[in-house]
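Participant: Take this structure first; my questions come after.
Put into structure tokens, the structure is as follows:
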């Protein structure tokens with residue numbers, strides 16, 4: 001089975017937004033064993049959309065559209081697609097009720113054009129939208145399958161998970177099972193190098209590596225008649241990869257280093273607090289991204305000014321005067337300070353120069369110190385990430401969580 | 001003139017990377033007044049690439065390819081494209097010299113397969129690559145133009161700027177000017193509704209609306225012989241739109257509500273601090289995303305626990321006991337507390353239930369209160385955003401910055 005992803009939206013063609021939906025859907029389809037041969041983007045133009053849709057159905061068994069499902073007259077995906085399948089529109093009662101209560105809840109007037117969204121082609125499977133107003137639609141006919149999804153990722157993704165994935169799973173006689181091993185802080189070329197012999201001799205399961213931010217990802221995919229059989233094929237390969245990477249593999253599946261650390265802290269009931277300068281709230285935001293973290297994450301201090309560092313964390317004036325705010329000494333006092341004032345077991349800190357201004361020859365943009373306090377011992381680490389402000393901040397957050405993970409796992413963090 | 005962007009790369013179809021190249025090129029072409037009607041992605045497969053290329057030339061005057069220009073056998077873009085134009089390959093001397101010195105510079109051996117990159121179709125305009133090994137190529141013929149660019153963004157973008165933009169500018173007799181008006185907290189359907197008569201009668205300039213997070217964007221685009229003339233066409237339309245939306249239009253051009261608020265605070269030297277519960281650092285992170293904010297943003301407190309709320313912000317135990325942490329009373333004391341402890345003019349706060357757990361009938365997931373303190377007066381606002389934890393948190397941040405903007409501009413924030 002092959003699929004084509006067809007994004008509808010002039011805003012993509014104008015370069016106002018990136019088509020991240022295509023990436024998400026491609027990845028999910030790969031896991032299901034469905035080949036994607038084309039991704040296409042077309043504007044809110046009836047003729048060109050129609051042409052793209054017909055072309056897509058010529059090339060693929062399944063077409064997945066995103067966007068053009070909203071209330072405005074530009075939103076024409078449903079109309080064009082219904083025409084292809086020669087279907088009339090009917091009002092979906094459940095979608096209508098959901099739309100009404102959505103507007104009641106946000107306390108806004110439901111303008112007339114919104115009603116358009118709850119009309120669906122007859123014979124559709126309706127995918128109800130719990131995060132927005134436009135329902136999605138699955139249509140089958142002419143030997144083809146069409147999945148229409150709304151454009152906003154926060155509506156599209158949950159809908160795809162709830163409806164489209166089970167829909168495809170039910171259809172296939174084969175199961176594709178993927179196991180993802182996440183390798184912390186080892187580059188892609190080195191990861192590939194360490195697995196080259198396995199990759200070269202792969203048939204079923206297959207092994208693929210790629211890099212995401214600061215981690216490498218190894219995906220093992222097996223095709224089999226049952227999940228059990230697929231897992232039996234995967235097990236020995238995964239074992240061999242674990243043997244080669246050891247503790248560098250920090251988790252399996254869809255997660256990241258932040259979530260992995262947060263889960264471990266919650267499980268082991270280790271309390272933690274953070275004090276941030278250059279990351280300015282991003283470390284706290286990463287902790288609090290995790291539901292249930294409130295049992296162990298007690299507080300965060302964003303101490304942008306020197307005054308705040310002294311007042312909120314007890315950093316000494318002499319330390320700031322002698323070594324400066326961006327120094328291992330300040331990072332250490334920040335980490336210890338937040339641990340003590342919050343009464344938490346662990347305190348972590350960041351201080352650095354995120355740029356674009358503020359750099360000197362001695363302390364350039366990208367220089368960051370992180371601090372880690374636990375049980376009366378404080379450690380610091382110097383980082384140097386050249387790049388944009390955004391990059392410096394994001395990489396520092398990754399480094400902090402990596403540091404915490406290593407400490408929790410007894411892995412040496414270096415100097 | 002219309003263009004199609006054709007990305008070549010199986011890694012995009014697998015969802016391993018996002019096609020950000022298409023966004024960059026689309027945006028640049030929009031500025032040049034070249035319409036992009038399609039973006040397509042195809043894998044490293046000769047037949048499908050050939051089909052996609054021929055289809056693209058049927059639909060567009062200009063085709064811009066990215067990727068598939070490297071040294072490996074998978075890199076086939078040049079071969080397929082040369083076939084379309086019926087051209088033979090010749091060695092480009094300058095590209096060859098650059099390739100040799102590139103390998104000398106990085107101190108690596110130049111393997112034989114690299115030479116393939118410096119063969120170009122005869123009659124090409126060669127775009128030399130200062131950031132990698134594969135040169136780009138411009139080819140004209142059969143009434144069509146083809147621009148072939150390498151895949152890595154850090155090679156593609158500088159090449160596009162150095163060669164492709166001047167190439168197109170020389171060709172065009174018209175200038176296209178766009179003005180973007182950003183409308184805060186008015187939905188897309190209402191925005192379109194309010195502009196329907198203008199949109200229906202548009203010719204030059206054209207008006208398009210779309211939604212990005214919680215704002216609506218109105219883009220007015222005029223085609224003219226000069227920038228001045230284009231602006232003269234835009235002015236009365238923009239004026240009319242301002243008349244209808246008034247102060248809801250918070251900015252023009254590429255920005256967002258956070259940046260707009262931060263700039264205003266810096267300009268007017270108004271100091272600010274924040275106290276967060278449910279947003280857990282995201283409000284502070286949004287402030288500190290702005291370079292130079294340290295002159296006015298002094299500190300942030302992430303007070304996840306009740307203890308932290310009392311200790312860091314002076315929230316009263318009785319308030320927490322009587323009304324709970326998620327209440328207007330607590331939001332008010334948090335905002336006042338952070339303003340007073342930081343010595344800042346403004347204090348803002350968030351407290352709410354981000355979910356997925358923690359909701360009750362009385363206080364459901366998505367219920368959030370924000371607080372705003374200034375000059376001895378404290379205001380609060382109740383929000384209710386149904387949705388995922390991520391959505392609740394992100395929307396709350398937007399609401400906070402909107403609230404601040406309204407206060408700074410003297411716009412009523414409601415109750």
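Protein chains in written order, with this note's numbering: chain P, 1 to 415; chain S, 1 to 415.
Idealized CB from N, CA, C, for every residue including glycine.
Taking the DSSP output, what are the residues bridged to residue 374 (chain P)?
Facilitator: Taking the first residue of the first chain as 1, we reach residue 374 (chain P) at position 374. Residue 374 (chain P) is bridged to P:346, P:377.
Participant: Near residue 214 (chain S), which residues of its chain fall below 7 Å by C-beta distance, leaving aside the five closest residues on each side in sequence?
Facilitator: In the second chain, the residue the question calls residue 214 (chain S) occupies position 214. The answer, listed in chain order, is 185, 395, 398.
Participant: Write down the C-beta distance between residue 278 (chain P) and residue 360 (chain P) rounded to the nearest angstrom, noting that I regard them as a contact closer than 8 Å.
Facilitator: Position 278 of the first chain, counting from 1, holds the residue named residue 278 (chain P). Position 360 of the first chain, counting from 1, holds the residue named residue 360 (chain P). Going by Cβ atoms, the distance from residue 278 (chain P) to residue 360 (chain P) rounds to 15 Å, so no, they are not a contact pair.
Participant: Counting only runs that start and end within the segment 267-319 of chain S, where is the alpha helix (DSSP H) found for 4 or more residues in a row?
Facilitator: For the segment 267-319 of chain S, whole alpha helix (DSSP H) runs of length 4 or above, ordered along the chain, are 282-288, 306-313.
Participant: Using a Cβ-Cβ distance under 7 Å, would residue 39 (chain P) count as near chain S?
Facilitator: For the purposes of this step, residue 39 (chain P) is taken as residue 39 along the first chain, with counting starting at 1. Yes, because at least one Cβ of chain S sits closer than 7 Å to the Cβ of residue 39 (chain P).
Participant: Along the segment 372-383 of chain S, what residues have a CB closer than 8 Å to any CB found in chain P?
Facilitator: Answer set for the segment 372-383 of chain S: empty.
Participant: Quickly, what does DSSP pair residue 217 (chain S) with across the bridge? List them, please.
Facilitator: Working through the second chain from its first residue, we reach residue 217 (chain S) at position 217. Answer is S:182, S:210.
Participant: When the Cβ atoms of the segment 47-57 of chain P are set against those of the segment 67-83 of chain P, are three or more pairs found closer than 8 Å?
Facilitator: A contact exists between the segment 47-57 of chain P and the segment 67-83 of chain P.
Participant: Please confirm if residue 291 (chain S) has its CB atom under 7 Å from at least one CB of chain P.
Facilitator: Here the question's residue 291 (chain S) lines up with position 291 in the second chain. Yes, because at least one Cβ of chain P sits closer than 7 Å to the Cβ of residue 291 (chain S).
Participant: Taking 8 Å as the limit between beta carbons, can you name the residues of its chain near residue 88 (chain P), skipping five residues before and five after?
Facilitator: The count along the first chain starts at 1 and reaches residue 88 (chain P) at position 88. Excluding residues within five positions, the ones whose Cβ falls inside 8 Å are 82, 121, 122.
Participant: Can a CB atom of chain P be found closer than 7 Å to the CB of residue 297 (chain S)?
Facilitator: Numbered from 1 along the second chain, position 297 holds the residue referred to as residue 297 (chain S). At least one chain P Cβ lies under 7 Å of residue 297 (chain S).
Participant: Would you please state the rounded distance, in angstroms, between the beta carbons of residue 191 (chain P) and residue 216 (chain P)? I believe it to be under 8 Å.
Facilitator: By 1-based counting over the first chain, the position of residue 191 (chain P) is 191. By 1-based counting over the first chain, the position of residue 216 (chain P) is 216. That pair is a contact at about 4 Å.
Participant: At least one CB of chain S closer than 7 Å to the CB of residue 135 (chain P): is that the case?
Facilitator: As a first step, residue 135 (chain P) must be located in the first chain, where it is residue number 135. By this cut-off, residue 135 (chain P) is not an interface position.
Participant: Relative to chain S, which residues along the segment 9-22 of chain P have a C-beta separation below 9 Å, given in chain order?
Facilitator: Against chain S - using a Cβ distance shorter than 9 Å - the residues of the segment 9-22 of chain P are 9, 10, 11, 12, 13, 14, 15, 16, 17, 18, 19, 20, 22.
Participant: Going along chain S, which residues have a C-beta under 9 Å from residue 128 (chain P)?
Facilitator: Within the first chain, residue 128 (chain P) is the residue found at index 128, counting from 1. Going along chain S, no residue has its Cβ under 9 Å from residue 128 (chain P), so there is no contact; the nearest lies around 13 Å.
Participant: Under 7 Å between C-beta atoms, does residue 391 (chain S) make it to chain P?
Facilitator: Position 391 of the second chain holds residue 391 (chain S). Chain P, which has a Cβ nearer than 7 Å to the Cβ of residue 391 (chain S), makes this yes.
Participant: Could you check which residue in S:334, S:268, S:259 has the C-alpha nearest to that of residue 402 (chain S)?
Facilitator: As a position in the second chain, residue 402 (chain S) is number 402, starting the count at 1. For the residues S:334, S:268, S:259, the minimum Cα distance to residue 402 (chain S) belongs to S:259.
Participant: Which of the three DSSP states is assigned to residue 40 (chain P) in this structure?
Facilitator: By 1-based counting over the first chain, the position of residue 40 (chain P) is 40. Residue 40 (chain P) falls in the strand class under three-state DSSP.
Participant: Residues of the segment 58-91 of chain S with a CB closer than 7 Å to any CB of chain P: list them in chain order, please.
Facilitator: Cβ contacts with chain P: none found.
Participant: Strictly by DSSP, which residues pair up with residue 252 (chain P)?
Facilitator: By 1-based counting over the first chain, the position of residue 252 (chain P) is 252. DSSP, once it has assigned bridges, lists P:181 as partnering residue 252 (chain P).
Participant: Quick one, which of P:332, P:366, P:389, P:304 has its alpha-carbon nearest residue 374 (chain P)'s?
Facilitator: Residue 374 (chain P) sits at position 374 when you count from the first residue of the first chain. When each option's Cα is compared against that of residue 374 (chain P), the closest is P:332.
Participant: Using 10 angstroms around the beta-carbon of residue 296 (chain S), count the other beta-carbons present and answer buried if the total reaches 16, otherwise exposed.
Facilitator: Taking the second chain and counting its residues from 1, the one referred to as residue 296 (chain S) is at position 296. Answer is buried; the Cβ neighbour count reaches 16.
Participant: Between residue 105 (chain P) and chain S, is any beta-carbon pair separated by less than 7 Å?
Facilitator: As a first step, residue 105 (chain P) must be located in the first chain, where it is residue number 105. It does; some Cβ of chain S falls within 7 Å.
Participant: Secondary structure at residue 397 (chain S), three-state DSSP: helix, strand or coil?
Facilitator: Walking along the second chain from the start, residue 397 (chain S) turns up at place 397. Three-state result, residue 397 (chain S): helix.
Participant: Under 7 Å between C-beta atoms, does residue 27 (chain S) make it to chain P?
Facilitator: The count along the second chain starts at 1 and reaches residue 27 (chain S) at position 27. Taking Cβ atoms only, chain P reaches closer than 7 Å to residue 27 (chain S), which makes this a yes.
Participant: In chain P, which residues lie with their C-beta within 7 Å of the C-beta of residue 240 (chain S)?
Facilitator: What you label residue 240 (chain S) is simply residue 240 of the second chain in a count that begins at 1. The premise fails here: residue 240 (chain S) is roughly 19 Å from chain P at the closest Cβ pair, so nothing lies under 7 Å.
Participant: Once you ignore the five residues that flank residue 110 (chain S) on each side, which residues in its own chain have a CB closer than 6 Å to its CB?
Facilitator: Reading the second chain from its first residue, position 110 is the one you call residue 110 (chain S). Hits under 6 Å: 103.
Participant: Using a Cβ-Cβ cut-off of 6 Å (strictly less than) and excluding sequence neighbours within five positions of residue 12 (chain P), which residues of its own chain qualify?
Facilitator: The residue labelled residue 12 (chain P) in the question sits at position 12 within the first chain. Only 19, 41 meet the Cβ criterion.
Participant: Roughly how many whole angstroms lie between the Cα atoms of residue 115 (chain S) and residue 10 (chain S)?
Facilitator: If you number the second chain from 1, residue 115 (chain S) lands on position 115. If you number the second chain from 1, residue 10 (chain S) lands on position 10. C-alpha separation (whole angstroms): 23 Å.
Participant: Check the Cβ-Cβ distances between residue 282 (chain S) and every residue of chain P, and say whether any is below 7 Å.
Facilitator: Here residue 282 (chain S) corresponds to residue number 282 of the second chain, with the count starting at 1. Chain P contact via Cβ: present.
Participant: At what residues does the alpha helix (DSSP H) containing residue 10 (chain P) begin and finish?
Facilitator: Start at 1 with the first residue of the first chain, and residue 10 (chain P) comes out as number 10. Here the alpha helix (DSSP H) through residue 10 (chain P) covers 10-13.
Participant: Quick test of your reading: residue 424 (chain P) and residue 160 (chain P), contact by CB under 8 Å. State the CB separation rounded to the nearest angstrom.
Facilitator: Outside the modelled stretch of chain P, which goes from 1 to 415, sits residue 424 (chain P), for which no answer is possible.
Participant: Could you give the DSSP three-state label for residue 337 (chain S): helix, strand or coil?
Facilitator: In the second chain, the residue the question calls residue 337 (chain S) occupies position 337. Helix.
Participant: For a minimum of 4 consecutive residues, which ranges assigned as the alpha helix (DSSP H) are wholly contained in the segment 48-87 of chain S?
Facilitator: Complete alpha helix (DSSP H) runs here, min 4: 77-85.
Participant: So with Cβ pairs under 7 Å, would you call residue 324 (chain S) a contact of chain P?
Facilitator: As a working note, residue 324 (chain S) is residue 324 in the second chain. No, residue 324 (chain S) lies away from the interface with chain P (no Cβ there is under 7 Å from its Cβ).
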